[in-house]
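Colleague: Residue numbers (this note's numbering): 1 to 221.
Positions of the beta carbon are idealized from the N, C-alpha and C atoms, including for glycine.
Have a look at this one.
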């Protein structure tokens with residue numbers, strides 16, 4: 001029979017309750033899956049370690065960065081906890097850098113140069129790494145064909161997601177939660193173990209991680 005991994009994980013939680021429930025809650029909380037976290041709470045019979053309402057607030061910040069609305073994201077972060085940016089100069093610089101990138105993306109050259117000079121240059125004078133990142137960002141203005149330039153990655157959506165992930169981790173840390181989920185590392189171990197078991201045994205194997213469908217499940221859960 002086939003079985004979905006999410007249900008299989010819940011079934012294993014009866015055998016290893018504290019460990020599996022902890023991993024499940026952490027994964028849903030970290031990625032912001034409020035509905036999934038609520039479903040997991042109901043099925044596992046446990047209470048979340050975090051107020052689910054704060055997950056929604058955190059995901060709004062993350063989405064704002066991913067959509068390029070960095071000013072809105074900064075405002076939302078300060079509403080959640082002003083100390084997050086006050087005590088994390090690297091995060092604040094990266095958010096301001098993302099604001100600069102968005103100005104350049106939208107063709108606001110004069111505003112971008114003014115913003116870089118007033119908001120980012122002073123921070124670059126205090127930190128060599130910040131200065132190098134600023135110079136690389138401003139270099140976007142030097143290329144006619146930015147898509148084929150050595151700094152084209154800054155305008156890629158992956159840059160927004162990178163910044164959003166950094167903000168997400170900082171908010172989690174401020175709420176005394178792990179900034180990096182354990183699940184990705186566990187999945188890597190799972191792939192390695194499955195590869196080693198394939199030639200030795202028949203077992204509930206995940207045949208497609210995108211669908212989480214298991215095969216070779218021969219027992220009732």
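#1: Would you report the Cα separation of residue 67 and residue 148, rounded to the nearest angstrom?
#2: What's the C-alpha gap between residue 53 and residue 163?
#3: Quick check: the Cα distance between residue 84 and residue 160, rounded to an integer number of angstroms?
#4: Around the Cβ of residue 143, are there at least 16 other Cβ atoms within 10 angstroms (buried) or fewer (exposed)?
#5: Could you compute how far the alpha carbon of residue 70 sits from the alpha carbon of residue 191?
#6: Where do the N-terminal and C-terminal ends of the alpha helix (DSSP H) with residue 148 fall, by residue?
#7: Using beta-carbon positions only, say whether residue 134 and residue 120 come within less than 8 Å of one another.
#8: Could you tell me if residue 117 is buried or exposed, where buried requires 16 or more neighbouring beta carbons within 10 angstroms of its beta carbon?
#9: Around the Cβ of residue 167, are there at least 16 other Cβ atoms within 10 angstroms (buried) or fewer (exposed)?
#10: Which term fits residue 58, buried or exposed, when burial requires 16 or more other beta carbons within 10 angstroms of its beta carbon?
#11: How many whole angstroms separate the CB atoms of residue 100 and residue 137, which I take to be in contact at a CB cut-off of 8 Å?
#12: To the nearest angstrom, how far is the alpha carbon of residue 75 from that of residue 145?
#13: Just the C-alpha distance for residue 90 and residue 131, rounded to the nearest angstrom, thanks.
#14: Quick one: Cα of residue 94 to Cα of residue 72, how far?
Modeller: Walking through what the data contain:
#1: 23 Å
#2: 22 Å
#3: 19 Å
#4: exposed
#5: 37 Å
#6: No alpha helix (DSSP H) contains residue 148, which DSSP labels as neither H nor E.
#7: yes
#8: exposed
#9: buried
#10: buried
#11: 6 Å
#12: 33 Å
#13: 12 Å
#14: 15 Å
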